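A short write-up of the structure that comes next.
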Amino acid sequence: MNLLNKLTIKNLKLNKRRTIVTIIGIMLAVALINAVATMYFSGMASIIRAQKATSGDYHTVFYNVPLNDIKTIQNNRNVENITKLKYLGMSKIKTNNTQSPYVSVVAAEKDNMNKLGMYLVKGRLPENENEMVITNHLNNIMSTNYSIGDKLTLEIGDRYSKDNIKLKKSENLQDGEKIINTEKREFTIVGIVVDISESVNQPGEVADTVVTCLRKEDIKDNLDIFIRLNKEGLKKPYIAIGDMLGIDGNLYKAVQDDYATGRDATKSGELKEKFAKERKKAKYQFSSQRFLISLETDQKDTSFFGLRYVAAIAIGIIIFTSVFCIKNSFDISITEKNKQYGMLRSIGATKKQVRKNVLFEATILALIGIPLGIFLGYFASFILVKISNMFLKDLVVTQTEINFELIFDLNWMSAAISALLGMVTIYLSSLRIARKAAKVSPINSIRNSADIKIKSKKLKVPKLIKSIFKIGGEISYKNMKRNKKRYRVTVISIVLSIMVYISLTAFMQIMLKQLQAALGNIDYDISCHIYKENDEEITKLNNIAKTTEGVTEYTLLQSDVGKYDKKFLNKEIKQISENFPDNETVSIIAVGDIEYNKYIKSLGLNYNDIKDKAILIDTVSTATIDASKKPIREIRMLNLKENDKFDVKRDNGEKLTFEIAKITKKRPFATNEDMVTPYKILVLSNEYYNKIFKDEKRYSAYYKIKDASKVKTQIEESLKDYKKYFISNVQERYNNEKHLITLVAIFLYGFIIIIILIGVTNIINTITTSMELRKQEFAILRSVGMTNKEFNRMIRLETLFIGIKSLFFGIPLGTAIAYGIYQVGKMPFEIPLKPILYSAIAVIVLIASIMQYSLVKIKKQNTIETIRNENI
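When we follow numbering that gives the first Met the number 0, the leftmost residue of the sequence shown carries the number 0, and every step to the right adds one.
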């Protein structure tokens, strides 16, 4: 080790506080980079695991593959593994659902059955041909409710029509059809799964699927095979799949890319038509898991690909902030050692040696700070994953109602990325300083005047400062003018912290506002949409409202749409905006007798007077039409008045004429969402609606209740024999959104805190070191008679100047970014007053506290010793 390097190590030891603060800055920067990278990899690993759990761990499936071809596919260089599956046939079961009287039995290889995407609710997967798993839905509709360990006897065969024509497994039920060529088998139920993927079996509406293990005797003709590609195959997945099928893989890829990116409709149609012809050339029927392929190949066509951009932006902000922090530490180091470098240069040290010496110091600090940062980043990520899962445990994010769990992925890539970027950050921070140290003139360095770039004539002090802060303020003002660079770095650190805090707080606020905007107008808690087969379902929904404790409001809504002529459109709409996309469509609804009577009573109307007339809800905000037009007000969309006739045409061409009994902006319960045209609604009595729309079978039941899960349980129990219904739990949605926002808030505020910590570390480092470097100056001033009062005035002025200058730049920049976020979110901008106020208070308190702390230390020092000593 040469002399200069030994001197560097000695200086680092002598100036322990500055060394420690610099290492902390490096450690925080690397830790945050590593945490962001780790959370990205953990997030992607969790999403891939959830996708495999719900849809299966395979990339493509080939149907009805001859036995001779299976071995060839299995040995393909792009294939990692395959899972064989055989459709055994149908069996009748005792069920309450007359539309679904069968089970479709399939057998899969025991060793790879877990790759088929069967998420277990209870029990385990089958281990032999006498065991099976059933679905939750099947267990609900069967006459007997089965438990783990129960026996189920099935007579498995083929569906035939009454004319003895073999039916496909997915064909609709036919009168007189039967199951023949049966084989009687007894199974033990060992597991209940959430659902079984359509790719595993496609029995349509007539059956639910059960799965058992494949026997040797089942492998006698064609099988379905589920293929997982290896790393080589995933480099060009669609070409690999295309080669095995004997079709154009590039065309297949183009169709998948087109599906993801949504290009021009005409070109898209041409491409799909071309591929439809190509598909016919395939050796076997097939389907692929585009989403899983996209996730595992990092393609741009998944909604989660944005995570990479978010992570990249976050790391960019960290590097940008950290460069200032670390650069500042080296800048201070050079300022402090300028005299030393000058003396070394005067006795023969070359520019190259001085430059290498600065980079050597950076390397030592990096070797200590980077490993500590990587460890801290992993630890922070682990804690974040644990906290996240506390919020995610009640959050349902998959279509099959499987709870999502974040896994901690200790990926070496995150350590490599953070170490590399940490080194780049430190190198960028120290390189310019190294060049500067090498260029400084030895004489100027010994005089320690290299950083002073201003002549005494330009150091005029404003009279206001002289009158308020006296001689102390005058000295402080001149010092700031002479050493602009030192103060500029401090100001930039504070500006960055203010800017990040204001802009990211605005981002959090807009997310909360969008949640409120999305759910704030919904006045119900849970809804059930059903396609009515008979009146029994409707009776059950009505009974739930009557018998469930806590239901305060209920309506059974029917709806249709109609087109009207442009002559009815209010001309004022076109005056506000020529481009407003009015589609001349109006919603026509009935809200049930109870709600309708409550509604007309609130409008002061009599049922007999209006039972064959329509109430028109017609109101829209000008902001919806054109947000730039002020003032914002509510206007009518249709040029109609009470007792006018309103002509409407149904989709089937039938013409309807309604007499308008009342025009209002008041809405019945549960009509704020779910309307095709929420600004124009015709409300009819049930009697009138059923007279017009005799073929209507679609109903929506809406309930208002504090505990929506009660109604959900009741609906599921009452309608367990039906498939054609859908429940929307708004309460659950709202809670899910709040959980997600809280989770995002934890990440964002954690990010804000670390960025601010880096900034605060920089501020502490800059101000305390600046004060330490000036302790000789302070000692000299005190030795010539400067009083404590004057001394305090001088420091207060510096605090005020740094604080005001930082706020002057930081607040407008942060507000400008916040404005941009609001514009992207298409929300009306509000000045972030609270974040501005909090940041202003924090900045003044922080700077004042740091300076006061440094002053207390300086005042305790011996004046003579301080003037003599040059170490800090």
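All residues carry an ideal CB built from backbone N, CA and C; glycine is no exception.
Please read these numbers as outputs of a predicted model, since none were measured by experiment.
Among Ile-22, Thr-71, Thr-741, Ser-717, which has the Cα closest to the Cα of Thr-546? Checked all of Ile-22, Thr-71, Thr-741, Ser-717; the closest Cα to Thr-546 is Ser-717.
Answer yes or no: do Thr-208 and Asn-200 have a C-beta to C-beta separation smaller than 7 Å? yes
Report the rounded CA-to-CA distance for Ile-849 versus Ser-502, giving the unit in angstroms. 26 Å
Runs of beta strand (DSSP E) wholly within the region 677-734 (minimum 3 residues, chain order): 679-683, 697-703, 724-728
Buried or exposed (CB count within 10 angstroms, at least 16 for buried), Thr-301: Residue confidence is low: Thr-301 scores 48 on pLDDT, short of 50, so the model does not pin down where it sits. No coordinate-derived value is stated.
Among all the DSSP beta bridges, which residues are the ones paired with Leu-151? The bridge partners DSSP lists for Leu-151 are Phe-186.
Would you call the region 40-51 and the region 421-429 in contact, with 3 or more CB pairs under 8 Å? no
Looking at C-alpha atoms only, which residue of Ile-816, Tyr-118, Lys-12 is the closest neighbour of Leu-495? The shortest CA-to-CA distance from Leu-495 to any of Ile-816, Tyr-118, Lys-12 is the one to Ile-816.
Whole alpha helix (DSSP H) runs in the region 2-89 with 4 or more residues, listed along the chain? 2-13, 15-54, 66-73
N- and C-terminal bounds of the beta strand (DSSP E) containing Asp-223: 222-228
Where Lys-273 and Lys-279 are concerned, what is the direct C-alpha to C-alpha distance, given to the nearest angstrom? Roughly 11 Å separates the two Cα atoms.
Lys-690 versus Gln-98: straight-line alpha-carbon distance, rounded: 29 Å
Mind checking which residues open and close the alpha helix (DSSP H) that includes Ser-286? Run containing Ser-286: none in the alpha helix (DSSP H); it sits in the beta strand (DSSP E), 284-287.
Assign Gly-261 to one of three DSSP states: helix, strand, or coil. Reliability fails at Gly-261, whose pLDDT of 46 lies under 50, so the model's placement of it is uncertain and no value is given.
Measure the C-alpha to C-alpha separation of Leu-366 and Ile-373 and round it to an integer number of angstroms. 11 Å
Considering Cα atoms alone, identify which of Glu-130, Ile-155, Lys-165, Ile-164 is closest to Gly-148. Glu-130
Three-state secondary structure (DSSP) of Asp-217: Note: Asp-217 maps to helix in three-state DSSP.
Per DSSP, what are the beta-bridge partners of Asp-157 in this structure? Ile-179, per the DSSP bridge assignment.
Looking at Glu-185 and Thr-134, is the spacing between their C-beta atoms short of 7 Å? no
Report buried or exposed for Gly-116, applying the criterion of at least 16 other Cβ atoms within 10 angstroms of its Cβ. buried
I want to see whether chain C comes within less than 7 Å of Lys-654, judged by CB atoms only; does it? No chain C is present in this structure, which holds just one protein chain.
What residues in its chain sit with their C-beta under 8 Å from that of Asn-4, if we drop five residues either side in the sequence? Asn-356, Phe-359
Which residue from Leu-683, Tyr-39, Asn-388, Ile-23 puts its Cα closest to that of Ser-586? Leu-683
How many angstroms separate the CA atom of Ile-529 from the CA atom of Ile-314? 48 Å
Distance between Gly-245 and Lys-165 (C-alpha atoms, nearest Å): A direct Cα-Cα distance of roughly 30 Å separates Lys-165 from Gly-245.
Buried or exposed: Leu-13, going by 16 or more other Cβ atoms within 10 Å of its Cβ? exposed
Opening and closing residue of the alpha helix (DSSP H) in which Ile-92 lies: Segment: none, Ile-92 is in no alpha helix (DSSP H) and carries neither H nor E.
Considering only the alpha carbon of each residue, which of Asn-642, Phe-692, Gly-591 lies closest to Pro-667? Closest option to Pro-667, Cα to Cα, is Gly-591.
So, helix, strand or coil for Val-396, using DSSP? Its pLDDT being 48, under 50, Val-396 is placed unreliably by the model, and the measurement read from it follows with that caveat. Residue state, collapsed to three classes: coil.
Given 8 Å as the limit, is there contact between the region 778-793 and the region 838-846, that is, 3 or more CB pairs closer than that? no
Comparing alpha-carbon positions, which option in Ala-30, Lys-15, His-136 lies nearest Val-193? His-136
Quick check on the burial criterion: 16 or more other C-beta atoms within 10 angstroms. Buried or exposed for Lys-705? exposed
Measuring CB to CB, does Leu-836 end up less than 7 Å from Ala-700? no
Is Tyr-145 helix, strand or coil by DSSP? In this structure, DSSP gives Tyr-145 a state outside helix and strand, which the three-state scheme calls coil.
Beta-carbon proximity list for Tyr-553, same chain, < 6 Å, skipping 5 on both sides: Cβ neighbours of Tyr-553 beyond the five flanking positions: Ala-544, Tyr-702.
Three-way DSSP call (helix, strand, coil) for Ser-99 in this model: Coil, per DSSP.
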